Amino acid sequence: MALAKQFSANGEYQKALDIYQKLYKTNNEIYFNSYINTLIFLKKFNEAESAARKMIRKHPGSNEYVITLGSIYTQHSQADKANALYDDLIKNLPVDQNSITMLASLFYQVSNADYAIKTFLEGRKLLHDNDVFSFELVTLYRFKRDKNALTEEYLNILPRNPLFLSQAENTFATLFENNNDYDMLRIALLKRIQKDPQQTIYVDLLVWQFLQQKDFDQALNQAIALNRRANDDGSDIYQLCSTLVYNEAYDAAIRGYEYLISLGKDKPYYVSSRIEMINAKNLKVTAGKYVPADLVQLEKDYQDLLAEFGKTQSTAFAMQRLANLEVFKLHKLAEAQKVLEEAVAINGVQPALLATCKLDLGDVYLLNGQPWEATLLYSQVEKDYPNTNVGQDAKFRNAKFAYYTGDFTWAKGQLDVLKAATSQLIANDALNLSLLISDNVAADTTGAALKMYARADLQIFAQQQNKANQILDSINIKYPNNQLSDDILMAKARIAIQQKDYNDAVTDLKKIVAEHPNDLWADDAVFMLGDIYENQLNDKEQAKTYYQKIITDYSGSLYINDARKRFRILRGDVSS
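Going by our numbering, the sequence shown opens with residue 1, and the numbers climb by one from there.
Following this line, the structure appears as structure tokens:
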């Protein structure tokens, strides 16, 4: 047997056949399939047919050898003869679920999904049960990529098995290629809903379908309609609003929160919806162009909410958002410090929220001229949350504190540890900052120019863009031989992005790519250009060019996987 396999592996099929034939003719039927497959490969169809017929006569009740004969006919371009055999097997199916399953499995084993499906469908008729074999048919339709049949089968399954909704969604997301596929699903769902309006699982799937097509208003409309019929607590809508915010569909999210608020103060999501609605308004305003009056109104909304509900563990998250608004947009450091100090003093605040509030308070202390209070809080969070993302974030902020204050040796020591952080974002930022320090201290042991750059970096963090630009513009004047030209360009690009001046950002980033293609910020600049062209300037072709450049020119970049993914999506690749 081993020798026959070796002959087959070497392409010596006649020698393999001689061995299989001897083994088979010694009445050893376990070699039948190997014998038949070798005959087929050598195109000895008549011998194969004769052997299969002999086995059928010997085992008259076994479907396996009939299907083998059919496979021989198919390989011999005699599909009609094969289909006649298969149709006869299905015609004579017994009214027995196990026998039906066995025949379908035999078809599947010879890669004949069509007849496996026919077997199951005929079995449904015999058993007078349209629900039997559903999961087997789902597997077969998915294998055949028969989207229509798969959709109908899942819609049959879901009312009885609602826990399979996530599986159905994942399957559709993998298989569907364009809006036409999702339109097909929508039409099928609407027919089912019209026929059985009380079946809520169809509406849940319809909401998901609208989300896939980014028709956020329709998704919300369906969810609200379902909530009104079911008269539930609104948890699904609250979760949907979070998804809408994540997708930057702020208007739809705000409308969803308004609906939850309208249900009344006695409902479980009333307070949280009030908070999240203001947060959604905050994101909507700060994501676009805004005027100072917009920010003042947002601040008032937060203050009114805290006046109504008090400063408690339930509203601590709103206090954190108010403080961030006051720090980075309104530049009211004293007010923000007071709010965060009150937040961290509240008993019962969730540990994760308490930790981030402490980190934010540390940032305010740093910006408010209280550096030692800042590092004390960072160190406290790092100690309380070892080996976690928030603990690593605290360690990184402590390292940046040292960098901002000119203690480059200590900062680099901390950053070198963080290069192995579990958070890729922190690891990447730590690596870049460590290289920035080492490159510039090597060129200037006093670090004078770098200290000036670090002060500008702190102003960028504080979103004091004008102050940052003034410092950056002064570095070349005061230290004309500095090594910071690409760093200054990156800093100016970040400022332009903060101010949503994307064309200015593109200009600075392109200078980095052209003038510093092998320096620290080169791959960052290339990836940022791709991101800006894709998401801000709506130039997909230019975005593709820069993502491709990451793949071809910067294969060691931390952005490589993200660049590949984005490039494939923009190119229109279909997931398999």
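For every residue, glycine included, the Cβ atom is placed at its ideal position computed from N, Cα and C. Note that the coordinates shown come from a computational prediction; the quantities given were computed from them, not determined experimentally.
For LEU140, the enclosing alpha helix (DSSP H) has its first and last residue at 134–144. For TYR365, the enclosing alpha helix (DSSP H) has its first and last residue at 351–367. Assignment of TYR385 by DSSP, reduced to helix, strand and coil, places it in the coil class. For VAL203, the uninterrupted alpha helix (DSSP H) segment begins and ends at 200–212.
Pairwise C-beta distances place the segment 358–367 in contact with the segment 376–386, as three or more of them are shorter than 8 Å.
Within the segment 100–129, the alpha helix (DSSP H) runs of at least 4 residues that lie entirely inside it are, in chain order, 113–127. When rounded, the separation of the alpha-carbon atoms in LEU425 and ASP266 is 41 Å. When the Cα atoms are used, ASN428 and LEU558 turn out to be separated by approximately 7 Å. Secondary structure remark: continuous alpha helix (DSSP H) runs of at least 4 residues inside the segment 421–488, in chain order: 424–443, 448–461, 465–478.
Taking one beta carbon from each stretch, the segment 482–489 and the segment 514–531 have 3 or more pairs nearer than 8 Å; the two touch. In the three-state reduction of the DSSP assignment, THR26 falls in the coil class, being assigned neither a helical nor a strand state. Per DSSP, the unbroken alpha helix (DSSP H) holding ILE532 starts and ends at 522–535. Taking every protein chain shown into account, the CB of ARG571 has fewer than 16 other CB atoms within 10 angstroms, so this residue is exposed. Note that the C-beta distance between SER134 and ILE100 is not below 7 Å. By the 16-neighbour rule on beta-carbons within 10 angstroms, ASN112 is buried.
If you compare the alpha carbons of ALA454, GLN464, ILE495, GLN463 with that of ILE475, the shortest gap goes to ALA454. With 16 or more neighbouring CB atoms inside 10 Å of its own CB, GLY256 falls in the buried class. Secondary structure at THR286: helix, using DSSP grouped into helix, strand and coil. PHE176 and ILE495 have their C-alpha atoms roughly 40 Å apart.
If you draw a straight line from the Cα of ALA442 to the Cα of ASP251, it is about 51 Å long. Its Cα nearest to that of ALA411, the residue LEU450 stands out among LEU450, SER166, TRP208, ASN389. The alpha helix (DSSP H) runs lying completely inside the segment 236–269 and spanning 4 residues or more are 250–262, given in chain order.
Taken through DSSP and simplified to helix, strand or coil, GLN542 comes out as helix. Secondary structure remark: continuous beta strand (DSSP E) runs of at least 3 residues inside the segment 71–96: none found. By the neighbour-count criterion, in which 16 or more other beta carbons inside 10 Å mark a residue as buried, ASN231 falls on the exposed side.
In the three-state reduction of the DSSP assignment, PHE176 falls in the coil class, being assigned neither a helical nor a strand state. Taken through DSSP and simplified to helix, strand or coil, LYS412 comes out as helix. With respect to the C-alpha of LYS338, the residue from ALA420, GLN350, CYS357, VAL349 having the closest C-alpha is CYS357.
Secondary structure note for LEU305: its alpha helix (DSSP H) is the uninterrupted segment 292–309. Comparing alpha carbon positions, the residue from ILE237, ALA249, LEU244 closest to TYR259 is ILE237. The C-beta of TRP208 has 16 or more other C-beta atoms within 10 Å across all chains shown, which makes the residue buried. Straight through space, the alpha carbons of ILE471 and LEU333 are spaced by roughly 21 Å. Secondary structure at GLN370: coil, using DSSP grouped into helix, strand and coil.
For LEU42, no alpha helix (DSSP H) run applies, since DSSP gives it neither H nor E.
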